[in-house]
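Participant: In order, the protein sequence lines correspond to chains A, B, C and D.
Under the numbering used here, read the first sequence as residues 1 to 507, first letter to last.
Under the numbering used here, read the second sequence as residues 1 to 106, first letter to last.
Under the numbering used here, read the third sequence as residues 1 to 170, first letter to last.
Under the numbering used here, read the fourth sequence as residues 1 to 747, first letter to last.
Where is the CB? At the ideal position from N, CA and C, for every residue including glycine.
If you're wondering where the values come from, they're calculated on a predicted model, not measured in any experiment.
Attaching a single structure in structure tokens format; questions to follow.
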Amino acid sequence: MSHILSLITFIPLLGMLVILCLPRHQKDWIRFVSVFSTALPLALSISLFLDFENGSKGMQFVENCDWIRIPDYKLRIQYKLGVDGVSMPLVLLTGILSFLAVFASWETTKGVKAYFALLLLLETGMMGVFCSLDFFLFYVFWEVMLLPMYFLIGIWGGPRKEYAAIKFFLYTLFGSVLLLLAMLAFYFHAKENPNVLDPMDAFDLVRLADANVRLTFTGLFWQVVFVAMFIGFAIKVPVFPFHTWLPDAHVEAPTAISVILAGVLLKMGVYGLLRLSLPILPEAAAWFAPFMAALGLINIVYGALVAMAQTDLKKMVAYSSVSHMGFCLVGMAANTEAAMMGAAFQMFTHGLTSAMLFLLVGVIYDRAHHRVIKDFGGLAFQMPVYTGITTLAFMASLGLPGLCNFVSEALVLLGSFDAYRTTTIISATGIIFGAGYFLWCFQRVFMGPAKERYSMMPDVNGRELFTLVPLGALVVFLGVWPRAMLDTMTVSLKNVQDAVASATRGG
Amino acid sequence: MSLLDAYPLQHYLLVSAALFALGIFTLVARKNAVAMLMGVELILNSANLNFVAFSRYTVGNFSGHLFAIFVILLAAAEAAVALGIVIGIFQNYGDVDADALDGLKG
Amino acid sequence: MTTLTSALYHAAFYADMVLTVGSACVVAFSKNIVRSAFSLLLTFVGVAGLYGFLEADFLVATQLLIYVGGILVLLLFAVMLTHRISNIKASNETSFSALAALAATGIFLVLVEVGTKTHWDVKGGPLGESTRPIGLLLMGDYLLPFEVAAMILLAALIGAAYLARNAIRK
Amino acid sequence: MLESVVWPWLILLLPLAAFVTHTLCGAMKWKLPHKGDWLSTGAIGAGAVLSTFLFADMVSRGEPNFRQTWSVDWLSILWKGDDGQLHTRFALPMGFLVDNITVIMLVVVTWVSTLVHVFSMGYMHDDPRYGRFFSYLSIFSFSMIWLVLSDNLFGLMIGWELVGLSSYLLIGFWFEKPAAAAACKKAFITNRVGDLGMLIGILMLLSMTLRPILDDTSLPIEQKNPLSYENVFRVVSAGSYEVKSGDVFPISFLTVAGIFLFFGAVGKSAQFPLHVWLPDAMEGPTPVSALIHAATMVAAGVYMVTRCYRLFTPDALLFIAYTGGFTAIFAATIAVTANDIKKVLAYSTVSQLGFMVLGLGCWGYSAGFFHLWTHAFFKALLFLGSGAVIHALHSQDMREMGGLRHKLPITFVCMLIATCAISGFPPLSGFWSKDQILGAVLTFAMEHPQHALLPIFGFCGAALTAFYMFRLIFLTFCGKPRDPHKYEHAHPDQWDVITAPLAVLAILTLFSAGGTLSGERWFGDFVNEEQVLGPREEAPGGGERHRWHVQRTVLFPSGALVEEAQPLDDQNPLVALHAEGREEARKEHEHTEHKAHTWAMVLSVCVAVGGALVSYFTYMVPFFSPQVWATRLLWLYDGMVNKWWIDELYDRWVIQPLLLLNDFLKSFDEDWVDGFVNMTAQFTVHFSDYSGWVDNTYVDGLVNGTADTIVSSARAMRSIQTGNIKQYLAAAVIGLTVVVVLYNVIL
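Here is the structure:
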């Protein structure tokens, strides 16, 4: 049994313990330990990506042992890790972004030790969510990730950090409670029907998605459970109208945390739907699909329109995330091969581009100490390299071909048209609005005559380039050769899609 | 001859009680720390007397004697240390008035 | 034993008791600390006498040597070190006399009550010459307490020296 | 040798390599000699040579239908079948298709691009971002060549967007000018609106083509591409475009799909109502206007319509024809009053693109594309000529020009040639292509008298073209200098990198159409619908042209029945009926065509000469006074000068409401959606305040009461703690006494 997933998950935790043992003034040591303990999972997740067997239907790199076992209550919680085509790219994404986040926070001065310790704990939580194959374990990691995020926003954030952190925390906790209830529903269902599902397996996600088991999850009750889980995940995605924590959290969070937030945390909602809701409750998913499509549509158009009205650069980028995540929802609702691929690939591509965007916003905020779009202007003179990279990121975000977001969004649209024509057509207007706000913003920030007050602004430095260039390279590479990522996803997604499709036919 | 009947144990105990009471009085009433130490010595002597008396009358071996010896020994030590302290107090406060030493007053 | 010797013996015994208690009274009540100190000498001697009547010959010697020869001298030194010679007479005031009297009377009465009312199981007899058995015991059964006591003495000496040295330095 | 796929590859990748090199050197701060202009120019020059070889090879074959394909499996949707094998559900391979129209486009793009590169060496010489300009030109060349080479709609869309990006970058090249910054954004977004239409069109086509492909595991991978031209044409022609079980698409669906697809061309080729970006795009450097906004990129829409001609049903083509015709005359009216030399040319471009689209819409497959070919050269020449004028004079306003023919003789001659060409003077290239278009339009109108408006659009547009183009020549080059100061300081012409490309283009303008009637035939033979797209099959979706007319106008005058797909096989009585009528109709059509072309030739020369003469009498000989006519036709003049208020209309009815909507949604988001969240929080806080008060007052009151009692009693007892050791001692002793006494008393 390979322990690569455990290593990926817990090396950051180990790093955190090491950091906690270091004296607080040894800042360089703390940073180096952080680099090391994020670089190692990154290297491991790259090897995971390379060793991944594309054609395989099941879980790979599985680790399994009992964690908690109470025979009297027929309760068994497993320590079960494994990845398939849905989660492996996200593990890689988390590895990349966590590694870059360390560099993006290199110049943090306040509470360096606590900051990096929390960052590493956060990585453990995120990796755990993507790797775990046990509902309970999933839930534990889900909550583990919440706490460091709360402190990272609440301590190292902007002026309204307390408000944002508490809002984020409470909102997510609200979702978690619903998730917990859903989890209990499975357990008690198993207790009542031990012949279908052994209660000892009630938290095993692979077992729950088994064709024989999931067939028993029918009827109104499971629709309610689905909705509960959906709300739990929708808060993370975030789906309108549960999205308002996002702009606040993004605006207040420090740059690296915004990167993690947009790059990884938002993906957890979609990942949860793809891993839990759709394969386990396909019948309810088929029932809910039109609502999901409608919500995705609202996300796309509403997010884009609100983004256009923003005056704060970071808030605009935050709302653009709302808009882009809508494509994931539409794709999952449409439930065709192309749309599912698009939705899953959108998670990865949006992770890359939104991370880039937030890093770029961080760069300019470090220099100008404000983010008001209309107060900038003519920055292309002072910061040509920065302008070039921003152009790349903006163009990627507004879906320019040759860059990765185009592939995912095009796949979603190509796939959804058959299922939801009107929805798809209206969603496609999102790409106009996307072009609208990004280019308008670009015009106001970078074009026009050079302003005196920014004349001394230095261009991006080496450290910032180090965080931006790998992302930019990936954005281009996956735009030119998307198969590198798509081929890993396709079979696993087909499983999910088949589950829902058969439920749709059956219903 | 047996003097046991001649001098009953109670005699010794009476003397011992008197010494103890006087020691207590000295300890409580005297302001002078050195005088208080004398009270302590009285109390210790009364205790010793009891030890030896009981050893002679009721126990019938030398254990009481040995205790008395140890007490004397400790008294010597105590006297030495206490005197050191008294001198220290005197140096610090210019006086050895125990009433003035109320640093623990609540 | 003759009547005369017996009478003298009795007289000596009671005189010794009176001496002991009386001199202790002087210690307790005297206004002069030097007088108290010297009365204490008499008390110690009286107690030594009582030890004699209790046939504890080794203790008599110990009492005289250590108390009279050691502790008392220390006390006298203390008296002299803490008082200017000219001021000696006025240096032994009392406070809380009533409280002290109450406490002392109370405990005295209790002790007397206990001592007299209790039925003591008097079964022992004369123990004979005591020096040798005590020596054997100290080197035998009581070796550990003996050694500990030695350590305490040493520590006390060092401590006393340290305290006194500090005080003098100031 | 030329059949190898290496040559298209090279043509495509050389500019990309130049761009990558430029970008890398720029990022690394390496200095290229001459800022790398030779790199881009060399790359595209090599491309021009190669395309010429391809072109020559193709012509020399004598066999017009020339086809090369090559593809790479770019994106596949795989799944694992029950047999454990990975199957391709469908794929989007990226591939090349090199056929006649591709080669024509390649020649146009590479040659114009090369000449513009050379011109830019002079024109942009003093610009601080000279190197970057060339790198942008390279990425444009790459994108445009990609667009042209792609063998499927998806690839076309990729190229489509990439040229949009290059156009954005190049219009905004002087980003410090607020007008340029606004213009590039406007261009991109307007194009995106068109692209959205195109995307929807593609999605509609996809929904027709995808279903038969999905589950057929026997198909080879090339045919698994639902969007390759080949597959789309086949499915549309076969009429078997089922979507869901037995759900056959009606013709109107294909019509709508075609119109949506055409929307892409409306955006890219600046057709009404999305033409607004093109005049603004003149804020970019003039070579860019020549390359992108005159010759190549804006022609992409026309290319797309040509390429996907089979997808357009007659109804869709009618829509296209009206759009093109209206645009042709509409833009021409605006060009009449414009004073900025580049604006005149911009509206002229819009108008000429309208002509192309009109031609295509009126079944003039080769006519429209022919005009693209000739127009590319003479319009590039006009723009570069205007660039030469601007470079010499440092002004774009024609009111400050005049008499420049003495100072700029080479430019003058070249521009005059181009003006004659665009106005349609025989035997210049523009005459032949425009004549073809007008002939096709006239044929169409003669066969369908209800569409008589279309030739009126066409001929009026042609007359206006001659008028405003000669106005431009007269105002710029003839008469007396109106601004003597500027005239004095103008740099006189000499043979250098600025004038040389003009001369080359002038030669191309003269001879690109062959110069004679036979030349015209040559192009018509070379690029004609049946040759390029194959013979039309007899099916309702892409029904053969004349049969359509027969069906619509003869057999089913109402046209209503055709909306339902008819199973057209030999058993169908309609087919038999129609087979008889077809021969008849074809004869009739050829007759009409011949007649129409004769008339068109005469008429077009007449309107061209007429327009030029009116212009002469207005601006050279003050016979008509423009001022007087402007006041006489005030409403018309007002509309022309204000570009028919289209920009204002958009601003008032689209942009402002959109911004208002955005602001409203923003406040809705903040006040209502977020407000609800905050209200929930507030409510919780208030509730917890209340329960906190209860807790403090009553529950905690009990606890605190206990504690308070202890504290106060402790405070009282503190006085006992005197700190006097003697009192403690006395207390202890007394206490002991009391205990003993009590013990005795109690027991």
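Distance check for leucine 360 of chain A and leucine 468 of chain A, CA to CA, integer angstroms please.
Facilitator: Looking at the two C-alpha atoms, the distance is approximately 8 Å.
Participant: Look up histidine 243 of chain A in the DSSP assignment and say whether it is helix, strand or coil.
Facilitator: If DSSP states are grouped into helix, strand and coil, histidine 243 of chain A belongs with coil.
Participant: What does the alpha-carbon distance come out to for the pair tryptophan 363 of chain D and isoleucine 432 of chain A?
Facilitator: If you take the alpha carbons of tryptophan 363 of chain D and isoleucine 432 of chain A, they lie about 32 Å apart.
Participant: Could you check what DSSP says for lysine 80 of chain A in three-state terms: helix, strand or coil?
Facilitator: It is a strand residue.
Participant: Can you tell me whether leucine 156 of chain D is helix, strand or coil according to DSSP?
Facilitator: Helix.
Participant: Ignoring anything shorter than 4 residues or poking outside the region 589–652 of chain D, list the alpha helix (DSSP H) runs there in chain order.
Facilitator: You should have 626–632, 634–641, 646–650.
Participant: Find the residues of chain F that neighbour glutamine 721 of chain D, judging by a C-beta separation of less than 8 Å, and give them in chain order.
Facilitator: Protein chains in the displayed structure are A, B, C and D, and chain F is not among them.
Participant: Looking at the C-beta of isoleucine 390 of chain D, does it have a partner C-beta in chain A at a distance below 8 Å?
Facilitator: Not an interface residue.
Participant: For the beta strand (DSSP E) holding phenylalanine 90 of chain D, just list the boundary residues, first then last.
Facilitator: That run of the beta strand (DSSP E) goes 86–91.
Participant: To the nearest whole angstrom, what separates the beta carbons of phenylalanine 119 of chain D and proline 492 of chain D, a pair I think is in contact under 8 Å?
Facilitator: The pair is not a contact, with the Cβ atoms about 18 Å apart (cut-off 8 Å).
Participant: Please check if any C-beta of chain D sits within less than 8 Å of the C-beta of tyrosine 454 of chain A.
Facilitator: Chain D, which has no Cβ nearer than 8 Å to the Cβ of tyrosine 454 of chain A, makes this no.
Participant: Is the shortest distance between the beta-carbon of glycine 131 of chain D and the beta-carbons of chain A less than 8 Å?
Facilitator: It does not; no Cβ of chain A falls within 8 Å.
Participant: Among residues of its own chain, excluding the 5 on either side of tryptophan 599 of chain D, which ones have a beta-carbon nearer than 7 Å to its beta-carbon?
Facilitator: Taken in chain order, the residues that qualify are Leu442.
Participant: Take every Cβ of the region 297–308 of chain A, pair it with every Cβ of the region 424–441 of chain A, and state whether three or more of those distances are shorter than 8 Å.
Facilitator: Yes, since at least three Cβ pairs between the region 297–308 of chain A and the region 424–441 of chain A fall closer than 8 Å, the two stretches touch.
Participant: What residue range does the beta strand (DSSP E) around arginine 69 of chain A cover?
Facilitator: Unbroken beta strand (DSSP E) run through arginine 69 of chain A: 60–70.
Participant: Short check: CB of serine 348 of chain D to CB of alanine 462 of chain D, under 8 Å?
Facilitator: Going by C-beta atoms, serine 348 of chain D is not nearer than 8 Å to alanine 462 of chain D.
Participant: Is it the case that the Cβ atoms of leucine 439 of chain A and alanine 393 of chain A are separated by a distance below 8 Å?
Facilitator: Contact flag unset, no.
Participant: Below 7 Å on C-beta distance, what does valine 711 of chain D contact in chain C?
Facilitator: Per Cβ cutoff of 7 Å: no residues; valine 711 of chain D is ~29 Å from chain C at best.
Participant: Quick check on DSSP: helix, strand or coil for isoleucine 498 of chain D?
Facilitator: DSSP places isoleucine 498 of chain D in coil when its eight states are reduced to three.
Participant: Compute the Euclidean distance between the alpha carbons of glutamine 752 of chain D and threonine 9 of chain A, then round it to the nearest angstrom.
Facilitator: Since the first residue of chain D shown is 1 and the last is 747, residue 752 of chain D is not available in this structure.
Participant: Given that a residue counts as buried once 16 or more other Cβ atoms are within 10 Å of its Cβ, and exposed if not, what is cysteine 328 of chain A?
Facilitator: Cysteine 328 of chain A should be labelled buried.
Participant: Compare the C-beta of valine 96 of chain B against all C-beta atoms of chain D and say whether one is closer than 8 Å.
Facilitator: No, its Cβ sits nowhere closer than 8 Å to a Cβ of chain D.
Participant: Hey, would you say proline 148 of chain A sits closer than 8 Å to glycine 125 of chain A, going by beta carbons?
Facilitator: In this structure, glycine 125 of chain A lies closer than 8 Å to proline 148 of chain A by Cβ.
Participant: Give the residues of chain D in contact with valine 86 of chain A, contact being defined as C-beta atoms less than 7 Å apart.
Facilitator: The contacting residues do not exist; valine 86 of chain A stays about 15 Å from chain D at best.
Participant: Taking glycine 735 of chain D as part of the alpha helix (DSSP H), name the residues at either end of that continuous run.
Facilitator: Start and end: 725–746.
Participant: Helix, strand or coil for arginine 547 of chain D, going by three-state DSSP, please let me know.
Facilitator: Because the pLDDT of arginine 547 of chain D is 37, which lies under 50, any placement of that residue in the model is unreliable, and the number read from its coordinates should be weighed accordingly. Helix, per DSSP.
Participant: Compare the C-beta of phenylalanine 29 of chain C against all C-beta atoms of chain D and say whether one is closer than 8 Å.
Facilitator: No, because no Cβ of chain D sits closer than 8 Å to the Cβ of phenylalanine 29 of chain C.
Participant: Consult DSSP for valine 196 of chain A and reduce its assignment to one of helix, strand or coil.
Facilitator: Looking at valine 196 of chain A - three-state DSSP - the assignment turns out to be coil, as it is neither helix nor strand.
Participant: Can you name, in chain order, every residue of its own chain whose Cβ lies under 7 Å from the Cβ of methionine 268 of chain A, other than the five neighbours on each side?
Facilitator: Correct list, in chain order: Val129, Lys236.
Participant: Which of helix, strand or coil does DSSP assign to valine 70 of chain B?
Facilitator: It is phenylalanine, not valine, that sits at residue 70 of chain B in the sequence shown. In this structure, phenylalanine 70 of chain B counts as helix in the three-state DSSP scheme.
Participant: Runs of 4 residues minimum, wholly inside the region 146–226 of chain D: which ones carry the alpha helix (DSSP H) assignment?
Facilitator: Taking only runs of at least 4 residues, the alpha helix (DSSP H) segments lying wholly in the region 146–226 of chain D are 153–171, 178–214.
Participant: Quick one: what's got a C-beta closer than 7 Å to phenylalanine 240 of chain A's C-beta in the same chain, skipping five residues either side?
Facilitator: Closer than 7 Å at the Cβ level, and outside the excluded window around phenylalanine 240 of chain A, lie Leu295, Ile298, Asn299, Tyr302.
Participant: Give, in chain order, every residue of the region 293–314 of chain A whose Cβ lies closer than 8 Å to some Cβ of chain D.
Facilitator: Answer in chain order: Tyr302, Leu305, Val306, Met308, Ala309, Gln310.
Participant: Check arginine 310 of chain D in the structure and name its three-state DSSP category.
Facilitator: Arginine 310 of chain D: helix per DSSP, three-state reduction.
Participant: Comparing the C-beta of valine 699 of chain D with each C-beta of chain B, is any distance below 8 Å?
Facilitator: No, its Cβ sits nowhere closer than 8 Å to a Cβ of chain B.
Participant: Do the region 36–51 of chain C and the region 63–73 of chain C touch if we need at least three Cβ pairs shorter than 8 Å?
Facilitator: Verdict: yes, contact present.
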